[in-house]
Amino acid sequence: MRHIGPGCDNSRKDPDCWEEVPGRFVSDMDVYMEFDDRWAHRGNVVNTNNEYETTGYPTGLRVMATAHSYGVSYAEDIMFVTVNVRNESGDWCAEDEYGVPVLDDDGNQICGEGMIMPDGTKLNRGKGFDYKDMSLGFYMDADVLVGDKGGYNSGLHTNDDDYMKYYYEFFELNDERLSVSLAMIGDYDGLSGLPGYAMDPDTPSPGNSYGVVATQMLESMVNHARPTRAEVTDVATAIRQHVSAVMLSGETAGGQHPVKAVETMARIAETVERSTKGLPDPPALAAFVSTRVIAGAAVEIARETNAKHLIVGTEHGNAARLMAAHRPRIPIYAMTNRIRAARRTTILPGVESLIVEEHSRARSTVAEAVKQLYDMKKIRPNDTIVAISGSPLAISGRTSTIRLLYVNEQGELSDLE
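Okay, so the sequence shown: first residue is 2 according to the numbering used here, each after it adds one.
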């Protein structure tokens, strides 16, 4: 620490003893971050059987950081962070730059006591720690170049897996949209207790259209068995923004843990989908007006009647897509006689394709689909089904019919009144 300014009393806690780092172009919106005692440090030791051992207790740091950006296009991905570290974890007594004690008005040296650990001992035997060993953690697991005012440079630190969970809020200022995150300690596996936040109603989403997020979503799992907390949050955010699918590539094609990566992504998706309620209706489209209205009505009927399944006849996949946009919490079976349409629907959330023969009567086509599902034990006796189809041709005809159906003990269909 360098002692600066006439108001500096040479103590660690005096804000006048800290100077601003020159040569920074401050952005219009500086970001202020405060981390309290949640970080572990190698200097954290505790007396056990007369021996000092490293423990997992927090150090009791308070860090105030001001983030600056250059404000020029070629450096738009660079952020400078000025950090003021005040060590509240060790016993201390203030001295000036020559080692002379700093006294208070009563003539006593200004001192402070170190943080008391849960077992009654002091962190590092009351000695605190060297702040040069501290590293910053960012929610995007950024690489950080660390240096201090005395010229010390510890080099590059990569924040690999911080087990944090994050809460987001959006702010609008001067037509600029700012996303702010709050970091909290997460569970050891990086998955439990996924963050929850209210989506801004104006947040863009694919709605009735297709949307896939597939770029390095769990990139760290190419080499590691667990994802970073930021990766978990990225997957969860994509699902909450109603994308059609999230996708792995290198994690499974060339990674060391391909099965684990698939299991992890599925677990994230299932957890988020269970916690997502009250989704807004998808935006209206100029095309497929009647199909969109019928699909929405079918989802509502299924909700009101506690139906177990939705069946939709589709020639090109559009009817299934419009129904999936409502994110019903029951399975959607897209019955079609075209392989291309069946393949298209595999990307839709909650939709499973079913190849059937199209009969001259729509009800017969629906009955064949139900028979297949019954034989596969995906539909059981006494299940209620809502089906939409064309008429008189269920698949190639224009979507125009909603049926509320009941499956009897023999797997046959009956109409519900």
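Just so you know, even glycine gets a beta-carbon here, dropped at the ideal spot from N, CA and C.
query	result
Using the three-state DSSP reduction, which class does Glu413 fall into: helix, strand or coil?	coil
Could you tell me the alpha carbon to alpha carbon distance between Thr229 and Ala262, rounded to whole angstroms?	12 Å
Just how far apart, CA to CA, sit Arg330 and Val290?	23 Å
Under a Cβ-count criterion, where at least 16 other Cβ atoms within 10 Å of its own Cβ denotes burial, should Glu52 be classed as buried or exposed?	Reliability of the predicted coordinates at Glu52 is poor, the pLDDT of 45 falling under 50, and the value obtained from them is presented with this limitation in mind. Exposed is the call here.
May I have the straight-line CA-CA distance separating Arg399 from Met336, to the nearest angstrom?	14 Å
Report the rounded CA-to-CA distance for Lys372 versus Ser245, giving the unit in angstroms.	28 Å
Report yes if the C-beta distance between Met222 and Val236 is below 8 Å; otherwise report no.	no
Output the distance between the C-alpha atoms of Gly412 and Thr385, rounded to the nearest integer angstrom.	12 Å
To the nearest angstrom, report how far apart Glu232 and Thr238 are at their CA atoms.	10 Å
Just to confirm my understanding: we take Glu316, look at its own chain, exclude 5 residues before and 5 after, and list those with CB closer than 7 Å. What are they?	Thr337, Arg339, Ala342, Ile396, Ser397
Return the chain-ordered ranges of every alpha helix (DSSP H) run that is complete within the region 363-397 and spans a minimum of 4 residues.	363-376
Beta strand (DSSP E) containing Val313: first to last residue?	310-314
With respect to the alpha helix (DSSP H) encompassing Glu274, which residues constitute its N-terminal and C-terminal limits?	259-276
Please say whether Ile389 and Ala320 have beta carbons closer to each other than 8 Å?	yes
What's the gap between the Cα of Arg293 and the Cα of Arg322?	9 Å
Starting from Val408, trace the beta strand (DSSP E) both ways and give me its first and last residue.	400-408
Check this for me: beta carbons of Glu359 and Leu394, under 8 Å apart or not?	yes
What number of angstroms, rounded off, separates the C-alpha of Leu406 from the C-alpha of Arg362?	16 Å
Which of the three DSSP states, helix, strand or coil, is assigned to Ala226?	coil
With a threshold of 16 other CB atoms inside 10 Å of the CB of Val101, please say whether the residue is buried or exposed.	exposed
Specify, as a first and last residue, the run of the alpha helix (DSSP H) that Ser291 falls within.	290-306
Where does Glu1 land, buried or exposed, given buried means 16+ other C-beta within 10 angstroms?	Outside the shown range of the chain (2 to 418) lies residue 1, about which nothing can therefore be said.
According to the neighbour-count rule (16 or more other Cβ atoms, all chains shown, within 10 Å of its Cβ), is Arg381 buried or exposed?	exposed
For the alpha helix (DSSP H) holding Ile340, just list the boundary residues, first then last.	340-346
Going by the CB atoms, is the gap between Val247 and Val1 shorter than 8 Å?	Because the chain spans 2 through 418 in this model, residue 1 falls outside it and cannot be assessed.
Take Ile302 and list the residues in its own chain whose beta-carbon comes closer than 6 Å to its own, dropping the five residues that flank it on each side.	Val387
If distances are taken between C-alpha atoms only, which option among Gly391, Ser401, Ala368 comes closest to Asn409?	Ala368
How would you write the range of the beta strand (DSSP E) that Leu355 sits in, first residue to last?	352-356
Counting along the chain, where does the alpha helix (DSSP H) carrying Met324 start and finish?	319-325
Within its chain, find whatever has a CB closer than 7 Å to the CB of Thr306; leave out the 5 residues flanking it on each side and keep chain order.	Thr385, Leu405
From Gly297 to Tyr334, what distance separates their C-alpha atoms?	15 Å
Specify, as a first and last residue, the run of the beta strand (DSSP E) that Ala335 falls within.	333-337
Return the chain-ordered list of same chain residues with a C-beta closer than 6 Å to the C-beta of Leu374, the five sequence neighbours on each side being excluded.	Ile380
Considering only residues of the same chain and omitting the five flanking positions on each side of Gly256, which have a CB-CB separation below 8 Å?	Met222, Val223, Asn224, Ala262
What are the boundary residues of the alpha helix (DSSP H) that Ala254 is part of?	251-254
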